[in-house]
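First comes the structure, then the notes that go with it.
Protein chains: 2
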Amino acid sequence: MVAHGAEGGGGRDGSPIVIVSNRGPVTFSLDGSGDRTYSRGAGGLVTALNAVSRRQEGAVWIASATSDEDARVAAESREEPYEVEDLRVALVEHDADAYDLMYNTLANPLLWFVQHGLYDLPYAPALGDDTRRAWEEGYLPVNENFAAAVERVLEGNPQGGGEPIVLVHDYQLYMVPHFLRERLGEGPFVSLFVHIPWPDPEGWRVLPRYVREGVLQSLLRADVVAFHTDRYARNFVRTAREVLGVEGDEEKGVVRYEGREVWARAYPISIDPGEFEELAASDAVREQEGPVRDLPGKLLLRIDRTDLSKNVLRGFQAYGRMLERHPEMKGEVTFLAGLQPSRGDIPEYAAYAEAIHKAVEEVNEEHGTPSWTPIVLSMEDNFPRSVAAYKAYDVLLVNAVRDGMNLVAKEAAVVNEKNGVLVLSETAGAHEELGEFAVTVNPFDLDEGADAIHAALTMPEEEKKRRAEALKRQVRENTIEEWVEAQLEDITAYRKARG
Amino acid sequence: MVAHGAEGGGGRDGSPIVIVSNRGPVTFSLDGSGDRTYSRGAGGLVTALNAVSRRQEGAVWIASATSDEDARVAAESREEPYEVEDLRVALVEHDADAYDLMYNTLANPLLWFVQHGLYDLPYAPALGDDTRRAWEEGYLPVNENFAAAVERVLEGNPQGGGEPIVLVHDYQLYMVPHFLRERLGEGPFVSLFVHIPWPDPEGWRVLPRYVREGVLQSLLRADVVAFHTDRYARNFVRTAREVLGVEGDEEKGVVRYEGREVWARAYPISIDPGEFEELAASDAVREQEGPVRDLPGKLLLRIDRTDLSKNVLRGFQAYGRMLERHPEMKGEVTFLAGLQPSRGDIPEYAAYAEAIHKAVEEVNEEHGTPSWTPIVLSMEDNFPRSVAAYKAYDVLLVNAVRDGMNLVAKEAAVVNEKNGVLVLSETAGAHEELGEFAVTVNPFDLDEGADAIHAALTMPEEEKKRRAEALKRQVRENTIEEWVEAQLEDITAYRKARG
Chain A
6 MVAHGAEGGG
16 GRDGSPIVIV
26 SNRGPVTFSL
36 DGSGDRTYSR
46 GAGGLVTALN
56 AVSRRQEGAV
66 WIASATSDED
76 ARVAAESREE
86 PYEVEDLRVA
96 LVEHDADAYD
106 LMYNTLANPL
116 LWFVQHGLYD
126 LPYAPALGDD
136 TRRAWEEGYL
146 PVNENFAAAV
156 ERVLEGNPQG
166 GGEPIVLVHD
176 YQLYMVPHFL
186 RERLGEGPFV
196 SLFVHIPWPD
206 PEGWRVLPRY
216 VREGVLQSLL
226 RADVVAFHTD
236 RYARNFVRTA
246 REVLGVEGDE
256 EKGVVRYEGR
266 EVWARAYPIS
276 IDPGEFEELA
286 ASDAVREQEG
296 PVRDLPGKLL
306 LRIDRTDLSK
316 NVLRGFQAYG
326 RMLERHPEMK
336 GEVTFLAGLQ
346 PSRGDIPEYA
356 AYAEAIHKAV
366 EEVNEEHGTP
376 SWTPIVLSME
386 DNFPRSVAAY
396 KAYDVLLVNA
406 VRDGMNLVAK
416 EAAVVNEKNG
426 VLVLSETAGA
436 HEELGEFAVT
446 VNPFDLDEGA
456 DAIHAALTMP
466 EEEKKRRAEA
476 LKRQVRENTI
486 EEWVEAQLED
496 ITAYRKARG
Chain B
6 MVAHGAEGGG
16 GRDGSPIVIV
26 SNRGPVTFSL
36 DGSGDRTYSR
46 GAGGLVTALN
56 AVSRRQEGAV
66 WIASATSDED
76 ARVAAESREE
86 PYEVEDLRVA
96 LVEHDADAYD
106 LMYNTLANPL
116 LWFVQHGLYD
126 LPYAPALGDD
136 TRRAWEEGYL
146 PVNENFAAAV
156 ERVLEGNPQG
166 GGEPIVLVHD
176 YQLYMVPHFL
186 RERLGEGPFV
196 SLFVHIPWPD
206 PEGWRVLPRY
216 VREGVLQSLL
226 RADVVAFHTD
236 RYARNFVRTA
246 REVLGVEGDE
256 EKGVVRYEGR
266 EVWARAYPIS
276 IDPGEFEELA
286 ASDAVREQEG
296 PVRDLPGKLL
306 LRIDRTDLSK
316 NVLRGFQAYG
326 RMLERHPEMK
336 GEVTFLAGLQ
346 PSRGDIPEYA
356 AYAEAIHKAV
366 EEVNEEHGTP
376 SWTPIVLSME
386 DNFPRSVAAY
396 KAYDVLLVNA
406 VRDGMNLVAK
416 EAAVVNEKNG
426 VLVLSETAGA
436 HEELGEFAVT
446 VNPFDLDEGA
456 DAIHAALTMP
466 EEEKKRRAEA
476 LKRQVRENTI
486 EEWVEAQLED
496 ITAYRKARG
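Chains A and B supply the protein sequences, listed in that same order. Position in the first sequence (from 1) plus 5 gives the number in our numbering. Position in the second sequence (from 1) plus 5 gives the number in our numbering.
Set out below in structure tokens:
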């Protein structure tokens, strides 16, 4: 790892690196005495991008300003990136209405729902003027804002020898490659990393024409479009072929567009195991261990954002069915569901949260006893408790309808102390990497889910150990530095191929 | 046409032809004096298969017995096909429970919903024992029953020189190729024609493992798997590749499976224009012309089965939006929606019918006047009235979420007398053939729908005429005989290639 960092100075050929993501690595605020202070962000993407940033001292990270003090930093960092700890950041202030349209209408729910296949198509979406307005007055200006910030950073920061490398991240920023090419031409290397699933062409077609074609045309002006799995990369090539009618080879991961070659590649994202090991040993987490340990029987765990893609309902239903079929398990297991509240102001999410409460009640009423509650639901944001539960689970349920990667599976595996078994949806991105060590489930099949939970709860110790160790090894060996390095290697290869 | 029929005696090399479909060309009953009588079936598939049957005198058509008298014919036709008019039929009697499980649990809604993308995936389907039972005790035995009937027909009917040709039809019979190969080996040529959309792999994955793999493995034991569009054929090749991991080339339409080559081909189905011209001139239809003609203003028409795939709600919503934007159109157009009742005992269909009534009320309350009802809804089975409306529409709306082909678009175009404009969903199978003569809509986009309806209603006469004539020509020139002939040609080519 030191060796990577020590290469210094940018990409492999010394090119300056710019990272662009909606959410940034730090948020600024004022402390009690009116001085500027900051907190570093958490979350999988930020952790991963920290690793990119560490890879090179001079890297600049561009992100949205999200607080008043952020806005002041944004103004200051127009000239030169703002330095904080090991980071150089340039924040971008957006018009509040434009940002709201981008984030709350176009990205969530529309792109999120389409890419996870969450719409009830006979009824929704009913696209219209709202969508067009969110696109034209929200998504496009916010994305152009980011491209302008990249241009400013590169102008003010001509360090490094080669052409710059611009690494754009996720579904809020699909139009950034388009605006970058408009401003900077073909010189910079541009990649866009999609951290959520890429659907098949039939799924993508649900979007209005100007979005589905606009996004694809922009992504094809990047040099590399990156995903967490080969499947999503293939889906992307197919989508480009079917929707735009361009030439593409899904096995080679190549699309030809306007005389250029665009690569579609998979780089499965990882976590920082050290970070989770430290967390697991922290006082905050230790304090939460008691309540988790006190739950009766084995611990069946799920930790998720409360999202329609996570398949929370069928998880409870499958567990209920398991209890029906195996009444001897009653009192021998508790299902702890830690569901972080999310997007509660979107009606679909409010309805989903309600359905979750109802599903929990049904199972608890049918199977519970005075001394045993089958499902313990915790709908709060308590990360230390989640990590305490990571350490203690016997079975971890990750049964997403669809999921870009799912980092819970990786985080939890690293710190688990019980040789816990992973029950993993075949449609979670993590399944490509971890499927062979998990018990695989079709997320739509309650009986398969019930069988999988039972098999995991009753798995012989030796088998559990073998799987848990292999899982830990797999997560530890695919380091986040390798995730970064694989991308940089492809950049070198791409530039070489392009000549 | 006569030339085709005159070739006689079977396939191009004289092979006997067996047609297998769930619904047959005739239904038998007893008349008042206790004598056997029959009625010939209607509907697109039956019309098309009649053309196959006409292609060769000796062809035998195997179908399910659906009445008591059918059951008696089934018993009689075990030895030898039953002859009626120009047809030779062999009816198959199924165990009533098995048939119910096949039809009402496995085929509808499960396969129908998956192939049209109609599930609200965060909530449904919740697969379980019911599904497995429907598969094992319904779908498999009914399909095996059909294969046994094919075997009996071929044993008792060794006419023709070459190996027999077995043409299996649609999603109720996916497992017939499997059972045919078990019984008859590799000799017979077997094709299976899928008349509904074939989804992308992500869509197909919603099925339980035993169904999604079982069906694919069976289809890949056929020689040709046929669809109405190239897109569905490509989706099929992708699905085979992604779900079974077999080798396939979607551009060539070839899958390699167990050392054999399977072709995926598109043959867009047609109608019998003569049949509709006759109908249009019939008294039954003429009697219905008055009520259609009396509707105020131009006629916007939709004729559909009441199915969640037809996108009835958004059709009304788009029309409402058009009236909002163009108040000058009020009173100048009436939307006649002829919706044939369907599957009312399935809860999703009952809920959809209710939503339809509500959507109609909303538009009529908002925009209607004492002298003008914006939408006239007719939820009854009145085919003569539909044909009367076919003749009279100014705009025909076909905005399906997804549709295998959609024959309404073709039937109506042939008999329309008003140079009516077709507004056609890009996700209807018919769009590959008819899209260039239609006004295309994204079925999920209400604003695009509103604009399309308005553009169609106000299109200059010359432009309407040009399109309507091209549409009629296209439908008339792709005759149903050509549909049959293209398949027989490929059979010859396939056999030649296989050597």
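Using N, Cα and C, we set each Cβ at its ideal position, and we do this for glycine too.
Measure the beta-carbon distance from residue i to residue j and round it to whole angstroms, keeping in mind my assumption that it falls under 8 Å.
i, j, result
"residue 273/A", "residue 233/A", "5 Å"
"residue 472/A", "residue 442/A", "5 Å"
"residue 146/A", "residue 171/A", "Residue 146/A to residue 171/A, Cβ: 19 Å. No contact."
"residue 225/B", "residue 245/B", "6 Å"
"residue 167/A", "residue 20/A", "4 Å"
Below 9 Å between beta carbons: does that hold for residue i and residue j?
i, j, result
"residue 138/A", "residue 106/A", "yes"
"residue 437/B", "residue 275/B", "no"
"residue 144/A", "residue 197/A", "no"
"residue 3/B", "residue 399/B", "With chain B running from 6 to 504 in the structure shown, residue 3/B is simply not present."
"residue 298/A", "residue 154/A", "no"
"residue 291/A", "residue 364/A", "no"
"residue 118/A", "residue 313/A", "yes"
"residue 268/A", "residue 235/A", "no"
"residue 360/B", "residue 318/B", "yes"
"residue 341/B", "residue 381/B", "yes"
"residue 65/B", "residue 95/B", "yes"
"residue 434/B", "residue 410/B", "yes"
"residue 176/B", "residue 148/B", "no"
"residue 403/B", "residue 430/B", "yes"
"residue 121/B", "residue 202/B", "yes"
Mind checking which residues open and close the beta strand (DSSP E) that includes residue i?
i, result
"residue 345/A", "338-345"
"residue 198/A", "194-198"
"residue 270/B", "265-271"
"residue 303/A", "303-310"
Using a Cβ-Cβ cut-off of 9 Å, state whether residue i counts as contacting chain B.
i, result
"residue 14/A", "Because the pLDDT of residue 14/A is 38, which lies under 50, any placement of that residue in the model is unreliable, and the number read from its coordinates should be weighed accordingly. So no, residue 14/A is outside the interface."
"residue 125/A", "yes"
"residue 177/A", "no"
"residue 218/A", "no"
"residue 408/A", "no"
"residue 447/A", "yes"
I'd like the list of long-range same chain contacts for residue i, defined as Cβ closer than 7 Å, with 5 residues on each side in sequence excluded.
i, result
"residue 502/A", "none"
"residue 326/A", "451, 452, 455"
"residue 243/B", "205, 206, 255"
"residue 323/B", "451, 454, 455, 458"
Span of the alpha helix (DSSP H) holding residue i?
i, result
"residue 58/A", "49-59"
"residue 277/A", "First-last for residue 277/A: undefined, no H or E at that position."
"residue 458/A", "451-462"
"residue 353/B", "352-372"
Under a CB-based cut-off of 9 Å, is residue i close to chain A?
i, result
"residue 9/B", "Any reading at residue 9/B must be qualified, since the residue scores a pLDDT of 35, below 50, and its modelled position is unreliable; the value itself is stated next. Answer no: the Cβ-Cβ gap between residue 9/B and chain A never drops below 9 Å."
"residue 134/B", "yes"
"residue 42/B", "no"
"residue 411/B", "no"
"residue 38/B", "no"
"residue 239/B", "yes"
"residue 6/B", "With a pLDDT of 27 at residue 6/B, under the threshold of 50, the predicted position of this residue should be treated as unreliable, and no value is reported."
"residue 211/B", "yes"
Once the 5 residues before and after residue i are set aside, which same chain residues still bring their CB inside 8 Å of it?
i, result
"residue 303/A", "337, 338, 339, 399, 400, 462"
"residue 248/B", "206, 209, 210, 217, 218, 221"
"residue 387/A", "293, 343"
"residue 56/B", "277, 485, 486, 488, 489"
"residue 1/B", "With chain B represented from 6 up to 504, any question about residue 1/B goes unanswered, as that position is not in the structure."
"residue 266/A", "259, 260, 502, 503"
Ordered along the chain, which non-local residues of its own chain (more than five positions away) have a Cβ less than 6 Å from that of residue i?
i, result
"residue 390/B", "293"
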